[in-house]
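Numbering (the working numbering), first residue to last: 6 to 349. We put the beta carbon where it would ideally sit given N, CA and C, even for glycine. Heads up, the thing below is written out as structure tokens.
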């Protein structure tokens with residue numbers, strides 16, 4: 006696992022407005038709060054339930070602001086429709102672990118199987134179904150939780166946080182940090198769905214996408230990687246040149262070395278109608294492209310949003326040839342992803 010530093014945004018010219026409010030309660034009565042961040046025409050709302058980004062509003066070419074991320078109006082909606090993971094932080098392990106188990110230091114750890122025989126997005130009660138602690142930080146909010154030893158089968162106590170800030174131009178910065186008291190594996194991501202024409206505009210498939218990825222990780226019938234790393238050239242997974250997004254994607258792409266960290270662009274999504282551009286930068290080695298074909302109209306129709314999930318590769322704990330996701334005591338996990346907005 007690559008350890009990085011500087012995950013929290015520092016900006017001496019920060020003008021972000023930050024406020025918090027009560028936002029109802031879960032069915033069991035647990036209260037939920039909503040935090041709003043606003044800067045340079047961009048407004049982001051984040052819930053303490055699941056660290057969910059409930060909405061992102063960004064201006065278009067004509068200056069009008071519209072919601073560009075799929076979200077639900079109340080807490081009850083997120084409890085009713087948990088499967089899409091709308092805007093949530095998922096973990097401990099985003100994506101799939103085959104056979105719902107892995108071996109670490111000679112010991113087998115059996116995880117919750119919640120997609121057939123596969124472990125998906127942290128299990129039956131992953132980070133997306135927890136109420137997080139929240140505290141204001143300069144330019145944003147830090148949300149944190151403790152994942153106990155044995156949580157969904159994972160070893161070690163994990164102290165985890167995600168910090169949401171708005172940078173210049175309203176860029177949404179996600180900084181993840183974690184420490185553990187025993188060897189474990191970790192691979193969090195944000196499960197935001199983007200539709201730059203507007204969250205209520207229907208299918209997002211006409212939008213233009215570029216991803217700086219020359220390889221992908223082929224999968225088996227259970228959507229678990231086979232271990233191969235294959236070139237995208239000549240396949241439908243080649244987005245090295247901008248083209249319209251089609252249907253039928255749920256695939257990890259291997260980002261080029263030069264597209265990870267710093268100011269390098271990992272992906273860019275563009276909507277010609279509104280002029281909105283979303284630019285993705287990340288320290289992660291992979292990006293899962295998911296087009297949500299299986300949405301059934303409750304509450305969104307097929308392909309209503311495009312997920313660009315920055316991550317380590319699926320099933321890495323069982324694939325020593327993939328970049329490691331092992332976190333050990335004395336190490337600090339740190340990862341950073343930036344979603345920046347502009348118009349064209």
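Residue i, DSSP secondary structure in three states
i           : result
residue 80  : helix
residue 120 : strand
residue 257 : strand
residue 221 : strand
residue 143 : coil
residue 22  : strand
residue 334 : coil
residue 319 : coil
residue 226 : coil
residue 154 : coil
residue 13  : The pLDDT assigned to residue 13 is 43, lower than 50, so where the model puts this residue is not dependable, and the model offers no usable value.
8 Å Cβ cutoff met for residue i and residue j
i           : j           : result
residue 257 : residue 103 : no
residue 291 : residue 259 : yes
residue 35  : residue 139 : no
residue 293 : residue 119 : no
residue 277 : residue 297 : no
residue 117 : residue 227 : no
residue 161 : residue 345 : no
residue 41  : residue 194 : no
residue 55  : residue 94  : yes
Residues that DSSP places opposite residue i in a beta bridge
i           : result
residue 213 : 249 and 275
residue 199 : 74 and 311
residue 181 : 167 and 340
residue 136 : 54
residue 241 : Paired residue(s): none; residue 241 is not in a bridge.
residue 236 : 220
residue 194 : 95
residue 130 : DSSP, once it has assigned bridges, lists no residue as partnering residue 130.
residue 189 : 332
residue 349 : Bridge partners of residue 349: none, in fact.
residue 324 : Beta-bridge pairing links residue 324 to no other residue.
residue 115 : 106
residue 149 : 138 and 166
Any alpha helix (DSSP H) of 4 or more consecutive residues that is wholly inside the region 26 to 113: 80 to 85
Just to confirm the assignment: which complete beta strand (DSSP E) runs, minimum length 3, are found wholly within the region 264 to 303? 272 to 275, 281 to 287 and 291 to 295
Do three or more CB pairs link the region 171 to 187 to the region 208 to 227 at distances below 8 Å? no
If we count Cβ pairs, one from each stretch, closer than 8 Å, do we get three or more for the region 262 to 275 versus the region 211 to 218? yes
Count Cβ pairs between the region 162 to 171 and the region 44 to 51 that sit closer than 8 Å; are there 3 or more? The region 162 to 171, when compared against the region 44 to 51, does touch it at the 8 Å Cβ threshold.
Meets three-Cβ-pair contact criterion under 8 Å: the region 300 to 312 and the region 196 to 211: yes
Closer than 8 Å is the cut-off here; do at least three beta carbon pairs connect the region 146 to 163 with the region 123 to 136? yes
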